[in-house]
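Residue numbers for the sequence shown follow my numbering, so the first one is -18 and each next one is one higher.
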Amino acid sequence: MGTPAEEADISLCTLALSISQKFSDREFNKIQLRKMRNFLVEAKKSPFYNKLFSEAGVSTWPGEKLSDMQYIPIVSRAILNRLAKSEWLNPEIPELLRGHIVSTSGSTGNPLSFYFAKQSGIRMRAQFRYMLDYFSQTVDALKQPVRVFNLGIKTWVYPWLMVVSGQDLENNEGRTRLYSLLNETHPDILFTTATYLRQLSYWMRRDKSFYQFKFIVYTAEPLSQADRSFFVRFFKCDLFSMYGIRECGLLAIECVKTRKFHLIREWGYLEIVDELGHPIPEGNFGDIVYSFYENIVNPFVRYKIGDRGRLLKTNGCPCGNVAPYLEFSGRTSEFLVSASGKLIPCLHLSHLISESLSDEIHQVQFIQINPGKLIIRAVFKNPNKPDVAEKLFRVVKKYLQKEFVIKLEKVMEIVPLSSGKTPLLVKK
Ligand SMILES: [Zn+2]
């Protein structure tokens, strides 16, 4: 728990979030523009952004409208990583107020360390609290404080009641401890990654163990419809998801009615852009870039997250939230490259596999060494069942046409990275 003043601040922010989800686009544009102007004034104090803005001819910012943001160049994790610490830092923030240093998980091969301002921590904790309140409306009233069981997500933004490492799933002793902790402490909600959810269901089935959660919140990787239905049946409760990044907090949470993702607009500005960083019309897919107002120590301005997606209007969502939907098409790094150089999203392929083979295949991972050459690593539910490999080849070949030479590698397990994420595509 934080200090009483921090707790009060978090409660106010949570309340503000639940109210502002109903603001119109016009109202939000005004708020966003004001916040963006203040934010950019702070960002410009760091030598890096000062130079970037003046080279781009926008050093006299503030702009008149949010679309003026397009004149600011995009920054990526790789660009920020190359900077000396002092270049990216706002020198006016005294050392004591800089917050603590955190790092991204490095699943993209480019881990980034930065100061996470105290204020961002407060905002992020409010986002989590708002998210839990929002999902909780789907079940009978939960006793406060809500008891959350965190499996394998390294978190520092929320005082989760119980945190268990994901590695505990891999040995008998760890699992015995985990099951008895569940039965002794009676948590309401499971908070985990899609990978650990898959592993938990696998081991619970083998160990003939079960625990009834009120609902499950999973993050990090999208699940196919077939996988979701399987987990709903297995865990006998609903599943919700959210979309966030360590650098900038929660960007979107799943709608309890439509199951699409509502954008969270309060503390940052999300744009969908083409390769040149120009905004593209609503409804079209592009790269997601984000400006996060709440960290003025190490600012993220037009930061390329590494995911692709699009924004869609809600037209009156039945849940009452008017924020646009954010739809993803996968990580930019998760595209297969065919022999002729065509890019093919692997997320869609993994969903096709789980839809036609959910009873036979537990998990897949793609390994690409050269364009047009693909290894599919797969964990079979029953390795002795005939014809599964042929069926898998049929699904994959139909999707990839004749552009790939495919090899299958049957494995016992696909081990997640220490962050709890399992990359869908590994490029060697
Ligand atoms: Zn909704």
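By construction, the Cβ of each residue, glycine as well, lies at the ideal position given by its N, Cα and C atoms.
As the structure is a prediction and not an experimental result, all values here were calculated from the model.
Inset, instruction - Just tell me which of C327, N365, I395, Y274 has its CA closest to the CA of K99. - result: Within the sequence shown, the letter at position 118 stands for residue 99. That would be Y274, whose Cα lies nearest to the Cα of K99.
Legend entry - Environment of ligand 1 in chain order, Cβ to heavy atom below 6 Å: C236, K238, T239, H243, C298, C300, N302
Inset, instruction - Identify the continuous beta strand (DSSP E) that holds L220 and give its terminal residues. - result: In the sequence shown, the residue the question calls residue 220 occupies position 239. Where L220 is concerned, the enclosing beta strand (DSSP E) stretches over 219 to 226.
Inset, instruction - State yes or no: is the C-beta of P367 within less than 8 Å of the C-beta of V318? - result: On the sequence shown, residue 367 is found 386 positions in, with the first residue counted as 1. On the sequence shown, residue 318 is found 337 positions in, with the first residue counted as 1. Contact flag unset, no.
Legend entry - Inside the stretch 99 to 145 only - beta strand (DSSP E) runs reaching at least 3 residues: 129 to 132, 143 to 145
Legend entry - Exposure of T(-16), with buried meaning 16 or more beta-carbon neighbours within 10 Å: On the sequence shown, residue -16 is found 3 positions in, with the first residue counted as 1. It counts as exposed.
Legend entry - Rounded straight-line distance, which links the Cα of L381 to that of M50: In the sequence shown, the residue the question calls residue 50 occupies position 69. In the sequence shown, the residue the question calls residue 381 occupies position 400. Approximately 38 Å between the Cα atoms of the pair.
Inset, instruction - May I have the straight-line CA-CA distance separating R187 from A65, to the nearest angstrom? - result: In the sequence shown, the residue the question calls residue 187 occupies position 206. In the sequence shown, the residue the question calls residue 65 occupies position 84. Straight-line Cα distance between these residues: approximately 50 Å.
Legend entry - Alpha carbon of G264 to alpha carbon of L159, nearest angstrom: In the sequence shown, residue 264 corresponds to position 283, counting from 1. In the sequence shown, residue 159 corresponds to position 178, counting from 1. Each residue's Cα considered, the two are about 44 Å apart.
Inset, instruction - Quick one: residues in its chain with C-beta nearer than 6 Å to the C-beta of L132, no 5 flanking neighbours on either side, listed in chain order? - result: Here residue 132 refers to the residue found at position 151 when the sequence shown is read from its first residue. Closer than 6 Å at Cβ, skipping near neighbours: V145, T173, Y177.
Legend entry - Given I(-9) as reference, the closest of N62, E76, Y52, A107 once Cα atoms are compared: The sequence position of residue -9 within the sequence shown is 10, counting from 1. With distances taken between Cα atoms, I(-9) lies closest to A107.
Legend entry - the stretch 243 to 259 in contact with the stretch 283 to 292 per 3-pair CB rule at 8 Å: yes
Legend entry - Whole-angstrom C-beta distance between G290 and F309, which should lie under 8 Å: For this step, residue 309 is matched to residue 328 along the sequence shown. For this step, residue 290 is matched to residue 309 along the sequence shown. About 4 Å; that satisfies the 8 Å criterion.
Inset, instruction - Give the DSSP-derived three-state secondary structure of S48 in the structure shown. - result: Within the sequence shown, residue 48 is the residue found at index 67, counting from 1. Helix.
Inset, instruction - Please classify G297: is it buried, with 16 or more other beta-carbons within 10 angstroms of its beta-carbon, or exposed? - result: What you label residue 297 is simply residue 316 of the sequence shown in a count that begins at 1. Under this definition G297 is an exposed residue.
Legend entry - Collapsed DSSP secondary structure at I261 in the structure displayed: For this step, residue 261 is matched to residue 280 along the sequence shown. In the structure shown, I261 sits in coil (DSSP, three-state: anything other than H, G, I, E or B).
Inset, instruction - Measure the Cβ-Cβ separation of I253 and F242 and say whether it is below 8 Å. - result: By one-based count along the sequence shown, residue 253 stands at place 272. By one-based count along the sequence shown, residue 242 stands at place 261. Result no, Cβ atoms of I253 and F242 do not sit closer than 8 Å.
Inset, instruction - Kindly indicate the opening and closing residues of the alpha helix (DSSP H) around R63. - result: In the sequence shown, counting from the first residue as 1, residue 63 sits at position 82. Segment 58 to 63, the alpha helix (DSSP H) holding R63.
Inset, instruction - Take L33 as the anchor and find which of L231, W69, F4, L355 has the nearest alpha-carbon. - result: Looking up residue 33 in the sequence shown gives position 52. Selected option, being the one with the closest Cα: W69.
Inset, instruction - Please report how far the alpha carbon of K3 lies from the alpha carbon of P262, in whole angstroms. - result: Numbered from its first residue, the sequence shown carries residue 3 at position 22. Numbered from its first residue, the sequence shown carries residue 262 at position 281. The straight-line gap from Cα to Cα measures roughly 23 Å.
Inset, instruction - Could you tell me how far apart the beta carbons of Q349 and I395 are, in whole angstroms, since I believe they sit closer than 8 Å? - result: What you label residue 349 is simply residue 368 of the sequence shown in a count that begins at 1. What you label residue 395 is simply residue 414 of the sequence shown in a count that begins at 1. With a Cβ gap of about 15 Å, Q349 and I395 do not count as contacting.
Legend entry - Cα-Cα separation between G44 and A(-14), rounded to whole angstroms: As a working mapping, residue 44 is identified with position 63 in the sequence shown. As a working mapping, residue -14 is identified with position 5 in the sequence shown. For G44 and A(-14), the distance between alpha carbons rounds to 35 Å.
Legend entry - Continuous alpha helix (DSSP H) assignments of at least 4 residues falling wholly in the stretch 355 to 406: 369 to 381
Legend entry - Residues near E23 by beta carbon distance below 7 Å, same chain, minus five either side: Along the sequence shown, read from residue 1 onward, the residue named residue 23 stands at position 42. Excluding residues within five positions, the ones whose Cβ falls inside 7 Å are N71, I277, P280.
Legend entry - Span of the beta strand (DSSP E), counted from its first residue to its last, around A233: As a first step, residue 233 must be located in the sequence shown, where it is residue number 252. Its beta strand (DSSP E) spans residues 230 to 235.
Legend entry - Reference F194; option with closest CA among H167, W184, M185: Taking the first residue of the sequence shown as position 1, residue 194 is located at position 213. Ranking H167, W184, M185 by Cα distance to F194 puts H167 first.
Inset, instruction - Go ahead and pull the three-state DSSP assignment for P352. - result: Taking the sequence shown and counting its residues from 1, the one referred to as residue 352 is at position 371. Coil.
Legend entry - Proximity to D340 [Cα-Cα], best of K372, I103, S57, L328: Counted from its first residue, the sequence shown places residue 340 at position 359. When each option's Cα is compared against that of D340, the closest is K372.
Inset, instruction - Under 7 Å Cβ to Cβ from K217, same chain only, skipping five residues before and after it: list those, please. - result: Here residue 217 is taken as the residue at index 236 of the sequence shown, counted from 1. Correct list, in chain order: Q193.
Inset, instruction - For the beta strand (DSSP E) containing S272, list its first residue and its last residue. - result: Sequence index remark: in the sequence shown, residue 272 carries index 291 (1-based). Looking at the DSSP string, the run of the beta strand (DSSP E) that includes S272 is 267 to 273.
Inset, instruction - Compare the Cα-Cα distances from L14 to each of K362, Y250, I325 and report the closest residue. - result: The residue labelled residue 14 in the question sits at position 33 within the sequence shown. Closest option to L14, Cα to Cα, is Y250.
Inset, instruction - Let me know if T41 comes out buried or exposed under the rule of 16 or more other beta-carbons within 10 Å of its beta-carbon. - result: As a first step, residue 41 must be located in the sequence shown, where it is residue number 60. So T41 ends up on the exposed side.
Inset, instruction - Compute the Euclidean distance between the alpha carbons of M112 and E154, then round it to the nearest angstrom. - result: For this step, residue 112 is matched to residue 131 along the sequence shown. For this step, residue 154 is matched to residue 173 along the sequence shown. Rounded to whole angstroms, M112 to E154 spans 33 Å at the Cα level.
Legend entry - For Y183, three-class secondary structure by DSSP: Counting from 1 along the sequence shown, the entry for residue 183 is found at position 202. Helix.
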